[in-house]
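Residue numbers (UniProt numbering): 1 to 418.
Structure follows, in structure tokens:
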């Protein structure tokens, strides 16, 4: 008597082989009903390097290929330096030519319309002629009509106008994650690229920025003549340096009517002579009217420089009553840092009934990341939370929870929680 294994069980077994492509490839030859799942696991996310681009194109271009419909994420490394180093170590030297279209297989004629996430890394647009740029944009527009999430990693551009030209190639784009470098100063982008040709796509809802490109993008948003066209509701800024603050202030003001989620991390170190009042003005949240979630990462209370605004003052600048969640991530050097005066100001803010009305109780998550690994930290923090936070939770209109990390380990969770 034969026994048929349910397909649900087969898929569970195949899922456990997701990190073993050779075994998955063998499984795809066992049974025709296994092909869909193995193809999904093998080609759902494709990491494409320049020296593999021609093999990839040949594979998906075959008339009987079943691969294209299973590709949902495509990660393209456009680094020609990586290509050259690989060529020296490989017997198969890629064909000649150094254009980005050849190196990253952007000129694929096969329809791969199912891709929703595209990542382009190590691309320098300033090296390409205008004719080649037009060809690349046309290829992106033809191939990636369903891309909703775009990541640009270490991409060099002339100015904001060139970035917007790239983004308009993706009509369904909703989220942008970018680490950018612009060759022209942010002031140039604000004064020369404030027209429609330098306007971000209206369908864009989420932006995550890092590195020096923050100034140019936020400055250009702040200089828009028709800010109401922006529908951005989530913004994340990683590694904000003091010189970026005026541009960030301008961008936040423009986005005040739509921004619901804001995440900020400040660059550690920097110039100790930075004017703290200027920083507070730049990061004041008093203009925000619909903000619901605020995340502030990499807070260092013991830093010798003032490269980040005062956290209590920044929190105190919140005037809207729509905020529902606040997350604060602190770097703690030692237990003595828990007795610093800044904590008293934070507790005062959290117990402010005007900010946290009883009908809309807020959630506050505080993460303490200790640099030194000692066994006494969890017990000491729990004692501190019991003394400082537990009484506050009894009458404060905010629900405060704690998470304690020592290095990369989470040693305590929910300390001080009701």
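Backbone N, C-alpha and C fix where the C-beta goes; we use that ideal spot for every residue, glycine too.
Counting the other CB atoms within 10 Å of its CB gives residue 348 a total below 16, which places it among the exposed residues. Take residue 11, set aside five residues on each side of it, and the residues of its chain with a beta-carbon closer than 8 Å to its own are 37, in chain order.
Here residue 122 is not near residue 49, since their CB atoms are 7 Å or more apart.
Proximity to residue 151 across 75, 249, 20 and 252 peaks at 75, based on C-alpha coordinates. Cβ neighbours of residue 324 within its own chain (closer than 8 Å, five residues either side excluded): 292, 293, 360, 362 and 363. According to DSSP, residue 295 shares a beta bridge with 263 and 327.
Cβ contact annotation for residue 371 (same chain, cutoff 6 Å, sequence separation greater than five): 333, in chain order.
In this chain, residue 244 is not harboured by any alpha helix (DSSP H), its DSSP state being neither H nor E. In terms of Cβ geometry, residue 369 and residue 331 form a close pair [threshold 7 Å].
Apart from the 5 residues on each side of it in sequence, residue 329 sits with its Cβ closer than 6 Å to the Cβ of 297 and 367 in its chain, given in chain order. Annotation: residue 346 is outside any beta strand (DSSP E); the continuous alpha helix (DSSP H) that includes it extends over 342-350. Taking each of 266, 283, 244 and 267 in turn and checking the Cα distance to residue 256, the smallest one comes out for 283. Scanning its chain for C-beta atoms nearer than 8 Å, with the 5 sequence neighbours on each side dropped, one finds around residue 405 the residues 367, 368, 369, 370 and 411, in chain order. With at least 16 other beta carbons inside 10 angstroms of its own, residue 244 counts as buried. Considering only 161, 169, 170 and 200, the residue with the shortest C-alpha distance to residue 182 is 161.
Measuring C-alpha to C-alpha distances from residue 224 to each of 254, 248 and 216 identifies 254 as the nearest. Comparing C-alpha distances from residue 172 to each of 205, 35, 310 and 247 shows the shortest one belongs to 205.
31 is the residue among 25, 22, 23 and 31 whose C-alpha sits nearest the C-alpha of residue 4. Taking every protein chain shown into account, the CB of residue 385 has 16 or more other CB atoms within 10 angstroms, so this residue is buried. In the three-state DSSP reduction, residue 184 falls in the coil class, being neither helix nor strand. Sorting 352, 344 and 338 by C-alpha distance to the C-alpha of residue 383 places 338 at the top. Distance from residue 67 to residue 39 at the Cβ level is roughly 6 Å; contact confirmed, criterion being Cβ atoms closer than 8 Å. Excluding its 5 nearest sequence neighbours in each direction, residue 21 has C-beta neighbours in its own chain below 7 Å: 42, listed in chain order. Of the candidates 287, 335 and 336, 287 places its Cα closest to the Cα of residue 314. Straight-line spacing of the CA atoms in residue 290 and residue 259 works out to 6 Å.
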